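Order-wise, the sequence lines are chains D and Z. Under this note's numbering, think of the first position of the first sequence as 10, with each following residue one higher. Under this note's numbering, think of the first position of the second sequence as 8, with each following residue one higher. Even for Gly, the Cβ is constructed at its ideal location relative to N, Cα and C. Since the structure is predicted, the reported quantities are computational estimates derived from the model, not experimental observations.
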Amino acid sequence: MTQTLSSQKPQLAPKNQSLKAFALVGAAVVAWLVLYNIIQPFANWLSYDLLAEPKDSHLGESLAFFFYDVPKIILLLGGMIFMITLLRSFFSAEQTRAWLGGKREGVGNILAAALGIITPFCSCSAVPLFIGFVESGIPLGVTFSFLISAPVVNEVALVMLFGLFGWKVAGLYLLSGVTIAIIAGVVIGRLKLERFVEDFVWQIKVGKDGFMAAKPTWAQRFEIAWASTREIVSKVWLYVIVGIAIGAVIHGYVPESALVGIMGKQAWWSVPAAVLVGIPLYSNAAGVIPIVHALMEKGAALGTVLAFMMSVVGLSLPEMIILRRVLKPQLIAIFIGTVAIAIIITGYLFNLVL
Amino acid sequence: MDIKVLGAGCPSCKRMVSDVEKLVAQLNLDAHVEYVTDMEKIMSYGVMSTPVLVIDEQIVMIGYLGAKKLEAALQQSLDKKSKLDT
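This is the structure:
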């Protein structure tokens with residue numbers, strides 16, 4: 010999504026500019042580490058000393074939870090999204106299309122699902138990207154692997170899972186997201202659904218790609234990454250705070266194992282129900298994850314929780330509406346159905362294994 | 008100057024359009040700004056992500072990068088043009 014023109018600031022030699030940028034980023038990393046390490050003592054001090062709540066009270070527990078989680082998650086989001094967008098500045102939709110061109114089914118699906126994670130993508134570009142892929146001869150199933158993996162593996166969700174649940178759960182989420190994208194893409198490819206793509210797509214002649222962005226310098230990459238980080242964090246911080254506040258109340262007040270009956274492993278229907286509820290919900294992975302984290306402490310099962318989350322971020326109504334311009338309703342339905350089923354199976358699998 | 012913003016109606020596309028319109032008014036440019044949402048026309052430029060800033064049929068910027076970058080891009084196109092004219 011982000012490509013810049015080169016050489017807009019001639020006042021500094023590129024080498025100096027890069028040095029300055031690296032120094033700036035280095036300083037930011039140090040400041041980040043210092044901040045990250047003083048959050049816990051600070052939160053405890055704020056809740057138990059300054060506000061003088063007793064350590065075992067409901068309110069004290071909720072407050073300490075809130076004051077620790079909010080700065081921690083915001084810091085993690087800032088730091089990790091910066092790194093992710095920096096990594097993404099090395100990739101582009103055009104490059105991805107070139108890599109996927111001529112790949113067979115299978116290999117193509119795996120590659121597409123992997124590239125879906127790191128290629129800069131926003132759902133508003135889904136249509137031109139879809140047309141661009143299909144027009145250049147990339148099979149429909151491979152295109153879908155990309156279109157599923159790009160939103161399912163969501164960077165905000167990934168960072169928040171890492172911050173609240175640890176790297177194992179975040180890793181599981183990443184791995185299952187990619188697997189779902191590969192399998193759903195292969196299934197859609199096998200069903201031979203080309204007739205459900207709107208006819209005009211096949212007639213479009215894509216113009217020759219006349220714009221090759223000059224390779225950005227490191228300073229420019231940092232600048233791009235910083236701009237996207239600011240944009241993403243400014244979009245989600247409020248949800249994070251509200252979500253953590255609700256989570257903190259649950260953490261402090263809801264009795265242990267209150268949810269085993271509704272969201273536990275034994276409640277077989279909870280996985281499909283979680284996925285169904287998640288489809289119309291959109292974009293608030295940032296607000297949903299802290300709540301879900303608190304629910305898990307009270308007995309909700311991890312598989313159910315992950316299924317819910319993937320359904321929230323991966324199947325979104327706005328994206329379907331955008332894709333409706335190129336896909337007939339039947340194909341949209343099959344798309345949602347396939348991905349939903351794949352997510353449900355993943356949810357059961359986790360509940361079974363963990 | 009002929010300015011086009013290609014986009015499918017996403018928030019960042021709309022932001023680019025309104026930013027460009029503001030800049031044109033601010034810099035008092037003699038320019039026509041058009042918001043192109045027709046997918047076939049967009050694809051004819053060979054791009055795969057939106058929004059796209061097109062000045063005099065040249066792709067200048069892909070993706071919304073903020074008003075400052077837009078201004079720089081406009082300025083650059085102006086400079087190029089005045090060089091051609093003289």
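{"Query": "Minimum Cβ-Cβ distance from Val242/D to chain Z less than 8 Å", "Result": "no"}
{"Query": "6 Å Cβ shell around Val335/D - same chain, five flanking residues per side excluded", "Result": "Val136, Phe139, Glu207 and Val210"}
{"Query": "Three or more C-beta pairs below 8 Å linking the region 316–334 of chain D and the region 26–34 of chain Z", "Result": "no"}
{"Query": "Partner residues on chain Z for Phe209/D, Cβ-Cβ distance less than 9 Å", "Result": "Met46 and Glu47"}
{"Query": "Assigned exposure category for Ala309/D - 16 Cβ within 10 Å defines buried", "Result": "buried"}
{"Query": "Top-ranked residue by Cα proximity to Glu203/D, from Glu144/D, Val162/D, Ile191/D and Phe231/D", "Result": "Glu144/D"}
{"Query": "Contiguous alpha helix (DSSP H) assignments of at least 4 residues, all confined to the region 191–256 of chain D", "Result": "208–212"}
{"Query": "Alpha helix (DSSP H) segment containing Gln275/D, residue limits", "Result": "Neither: Gln275/D is in no alpha helix (DSSP H) and is coded neither H nor E."}
{"Query": "The region 81–88 of chain Z contacting the region 45–52 of chain Z, beta-carbon criterion three pairs below 8 Å", "Result": "no"}
{"Query": "Euclidean distance between Cα positions of Val24/Z and Ser66/D", "Result": "53 Å"}
{"Query": "Cβ contact check for the region 317–328 of chain D and the region 241–261 of chain D: 3 or more pairs under 8 Å", "Result": "no"}
{"Query": "Three-way DSSP call (helix, strand, coil) for Val59/Z in this model", "Result": "strand"}
{"Query": "Three-state class that DSSP yields for Glu41/Z in the structure shown", "Result": "strand"}
{"Query": "Any chain Z beta carbon closer than 8 Å to Ala236/D", "Result": "yes"}
{"Query": "Thr226/D versus Ala32/D: straight-line alpha-carbon distance, rounded", "Result": "15 Å"}
{"Query": "Residues sharing a beta bridge with Asp9/Z, DSSP", "Result": "His39/Z"}
{"Query": "Cutoff 8 Å: Met8/Z Cβ touching any chain D Cβ", "Result": "no"}
{"Query": "Buried/exposed call for Val8/D, threshold 16 Cβ in 10 Å", "Result": "Nothing in the structure corresponds to residue 8/D, since chain D is present only between 10 and 363."}
{"Query": "CB of Ile62/Z within 8 Å of CB of Met8/Z, strictly", "Result": "yes"}
{"Query": "Sequence-distant residues of the same chain with beta carbon closer than 6 Å to Leu340/D, five excluded per side", "Result": "Leu202 and Phe205"}
{"Query": "Spatially closest choice to Thr105/D from Ile93/D, Leu120/D and Glu114/D, by CA coordinates", "Result": "Leu120/D"}
{"Query": "Those residues which DSSP pairs with Met319/D across a bridge", "Result": "Per DSSP, none; premise fails for Met319/D."}
{"Query": "Rounded C-alpha distance that separates Gln26/D from Ala36/D", "Result": "15 Å"}
{"Query": "Outcome for Pro50/D when other beta-carbon atoms lying within 10 angstroms are tallied against a minimum of 16", "Result": "exposed"}
{"Query": "At least 3 beta-carbon pairs within less than 8 Å: the region 82–102 of chain D vs the region 163–179 of chain D", "Result": "yes"}
{"Query": "Val67/Z: first and last residue of the uninterrupted beta strand (DSSP E) it sits in", "Result": "Gln65 to Ile69"}
{"Query": "Spatial distance of Tyr52/Z from Val245/D (CA atoms)", "Result": "33 Å"}
{"Query": "Sequence-distant residues of its chain with Cβ nearer than 8 Å to Leu200/D (five each side left out)", "Result": "Ile343"}
{"Query": "Assigned secondary structure, Leu156/D (DSSP; H/G/I helix, E/B strand, else coil)", "Result": "helix"}
{"Query": "Ala102/D: contacting residues in chain Z (beta-carbon distance under 7 Å)", "Result": "Met55 and Ser56"}
{"Query": "Chain-ordered residues of the region 137–155 of chain D with a beta carbon less than 7 Å from chain Z", "Result": "Pro137, Leu138, Ile140 and Gly141"}
{"Query": "Minimum Cβ-Cβ distance from Arg334/D to chain Z less than 8 Å", "Result": "yes"}
{"Query": "Sub-8 Å separation of Ser154/D and Thr57/Z beta-carbons", "Result": "no"}
{"Query": "For Leu361/D, the nearest candidate out of Ala303/D, Gly273/D, Pro338/D and Ile300/D (CA to CA)", "Result": "Gly273/D"}
{"Query": "Straight-line Cα distance separating His260/D from Glu306/D", "Result": "8 Å"}
{"Query": "Rounded straight-line distance, which links the Cα of Phe130/D to that of Val162/D", "Result": "11 Å"}
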